[in-house]
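Residue 474 in my numbering sits at position 260 of the sequence shown, with consecutive numbering throughout. From the three backbone atoms N, C-alpha and C, an ideal C-beta is built for every residue, glycine too. Everything below concerns the one structure shown next.
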Amino acid sequence: MRIIRSRHFWLILALFIFCSVLHYAELMGIVGTTEPSFHFGLTRHTLDRILFLLPIIYCTYVFGLTGGLGTSFTALLVMLPRAILISPAPTDAIVEIVGVILVGVLVSLWSWTLVKEKGKTEAALAQLNSAQNNLRYYLQQITRAQEEERKRIARELHDDTAQALYALTRQVDNFVRANTNLPADNVSFLEDLGKQISKVLQDLRRFSQDLRPPMLDDLGLLATLRWLVSESREQCGIKVDLKVVGAERRLSPEAEFTLFRIVQEAVRNIERHSQALKAEVKVEFGEGKTRVSVSDNGKGFKLSGSLVDLVRTGKLGLAGMEERVRLLNGSIKIESEPGKGTTVMIEIPI
């Protein structure tokens, strides 16, 4: 019943009836003479028989090998009576009919093979897409878990370790103030010890901020990027500017920490490798999409063509950026030439 409801079935049936009427046109009085005419060196009845290949091929394409073979057998039953009972040269007519049917069967087998291979290819592509979707899901979960772990470690460093170090510096200061009769060498040692503890505390706070800036959750991406470029200017002396285009808005937490990690990695690469004097972080809020770019005027490098090449050449930071952008269904473009600096451009559909 499903086949009968298909419009293809009725088109094939109409085409088959047309070929049959054309084949028996003389008996139906449509054609007034029984003498066959010649076209392209073939008799009219030979052309009529060849026309039966149309419904055979069409049926094979739509309904598969079974449909093609069934249509071929039906065409054989339709053509044989005329060849045996009416044709002036039955042997030649039968040979032509067998040739047409053989061609139809071969075409049916060939089409069925193509359809089967196409099905295998589509199944393989579907399996590959499923694997990629699963991989993307696992990467998302791993990234979320990493960020949660970073947040937990940063909180513990800030709330526990940093507080303990701060309390220790206060104890050293109080001890020095309470013991005014200490030898000068001991006082100098304790003061140096207090300075070292303060330096460790300062580094610990900076490390905690790098792990997971609390302002990223509280104030959002732009506030955190302003802090990042300010830190970069103070620590490395590179003139890093932040430029914002469009109406500022908050993004999803996942998008904000992903974009922050990409920009953070790009800025760290500038600090470590670029030998740049200036850099710019640019955020553009557009209609339905957000663009972020990080550019510098440093020494640049010769860019490899693919993610695999980036990994092989040791540029794992750039490879990590590309993987993070994929999690947001975005795109990343990296431009760099020796002596002409580097630009990293990200666009996400948010």
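How would you call residue i, buried or exposed, if buried means at least 16 neighbouring beta carbons within 10 angstroms?
{"i": "ALA297", "result": "buried"}
{"i": "GLU368", "result": "The residue asked about is misnamed: residue 368 is Ala in this sequence, not Glu. Buried: at least 16 other Cβ atoms inside 10 Å."}
{"i": "ASN543", "result": "exposed"}
{"i": "PHE421", "result": "exposed"}
{"i": "ARG263", "result": "buried"}
{"i": "GLN360", "result": "exposed"}
{"i": "THR394", "result": "exposed"}
{"i": "MET242", "result": "exposed"}
{"i": "THR510", "result": "According to the sequence provided, residue 510 is Asp. The question's Thr does not apply to it. It is buried - the Cβ of ASP510 has at least 16 other Cβ atoms within 10 Å."}
{"i": "GLY502", "result": "exposed"}
{"i": "PHE232", "result": "exposed"}
{"i": "ARG426", "result": "buried"}
{"i": "ASN483", "result": "buried"}
{"i": "THR305", "result": "exposed"}
{"i": "VAL536", "result": "It is worth fixing the name first, because residue 536 is Glu in this sequence and not Val. Per the 10 Å Cβ criterion, buried."}
{"i": "GLU310", "result": "buried"}
{"i": "VAL235", "result": "exposed"}
{"i": "ILE218", "result": "exposed"}
{"i": "ALA338", "result": "exposed"}
{"i": "THR327", "result": "exposed"}
Would you call the CB atoms of residue i and residue j closer than 8 Å?
{"i": "PRO411", "j": "THR383", "result": "With the sequence shown as reference, residue 411 is identified as Ile, and Pro is not the correct amino acid for it. The answer is yes: Cβ separation under 8 Å."}
{"i": "VAL539", "j": "PHE499", "result": "no"}
{"i": "ALA398", "j": "VAL454", "result": "no"}
{"i": "VAL443", "j": "SER507", "result": "no"}
{"i": "VAL319", "j": "SER286", "result": "yes"}
{"i": "SER322", "j": "LEU279", "result": "yes"}
{"i": "ARG580", "j": "LEU541", "result": "Because residue 580 is not part of the residues shown, which for the chain are 215 to 564, the question remains open."}
{"i": "HIS237", "j": "MET293", "result": "yes"}
{"i": "GLY514", "j": "GLY451", "result": "no"}
{"i": "GLU561", "j": "ARG505", "result": "yes"}
{"i": "GLU470", "j": "LEU418", "result": "no"}
{"i": "SER325", "j": "TYR275", "result": "yes"}
{"i": "LEU229", "j": "TYR272", "result": "yes"}
{"i": "SER545", "j": "GLY512", "result": "no"}
{"i": "LEU456", "j": "LEU439", "result": "yes"}
{"i": "LEU371", "j": "VAL390", "result": "no"}
{"i": "ALA381", "j": "LEU415", "result": "no"}
{"i": "SER446", "j": "VAL481", "result": "yes"}
{"i": "LEU517", "j": "ILE548", "result": "yes"}
{"i": "GLY408", "j": "GLU479", "result": "no"}
{"i": "LEU430", "j": "PHE474", "result": "yes"}
Three-state secondary structure (DSSP) at residue i?
{"i": "LEU328", "result": "helix"}
{"i": "SER234", "result": "helix"}
{"i": "PRO250", "result": "Caution applies to PRO250, whose pLDDT of 49 falls short of 50 and renders its modelled position unreliable; the value that the coordinates give is listed next. PRO250: coil per DSSP, three-state reduction."}
{"i": "ILE560", "result": "strand"}
{"i": "THR394", "result": "coil"}
{"i": "LYS457", "result": "strand"}
{"i": "ILE580", "result": "Outside the shown range of the chain, which is 215 to 564, sits residue 580, and nothing can be said about it."}
{"i": "GLU462", "result": "coil"}
{"i": "SER545", "result": "strand"}
{"i": "SER550", "result": "strand"}
{"i": "ARG350", "result": "helix"}
{"i": "PRO427", "result": "coil"}
{"i": "GLU240", "result": "coil"}
{"i": "SER344", "result": "helix"}
{"i": "SER412", "result": "helix"}
{"i": "GLY555", "result": "coil"}
{"i": "ILE367", "result": "helix"}
{"i": "ARG221", "result": "helix"}
{"i": "GLN377", "result": "helix"}
State yes or no: is the C-beta of residue i nearer than 7 Å to some heavy atom of the ligand PLP?
{"i": "ALA378", "result": "This structure lacks the ligand PLP, and indeed carries no ligand of any kind."}
Could you check whether the Cβ of residue i sits closer than 8 Å to any Cβ belonging to chain B?
{"i": "TRP224", "result": "Included in the structure is just one protein chain, with no chain B present."}
Quiz prompt | Touch test, the region 262-270 against the region 304-315, Cβ-Cβ under 8 Å, three pairs minimum | solution = yes
Quiz prompt | Every unbroken alpha helix (DSSP H) inside the region 430-454 [4 residues or more] | solution = 435-450
Exercise. Identify every run of the beta strand (DSSP E) within the region 472-543, keeping only runs that are complete inside it and at least 3 residues long; order them along the chain.
Key: Segments of the beta strand (DSSP E) lying fully in the region 472-543: 492-499 and 504-510.
Quiz item: Taking the runs of the alpha helix (DSSP H) that are 4 residues or longer, which of them lie wholly in the region 246-319?
Solution: 258-265 and 267-295
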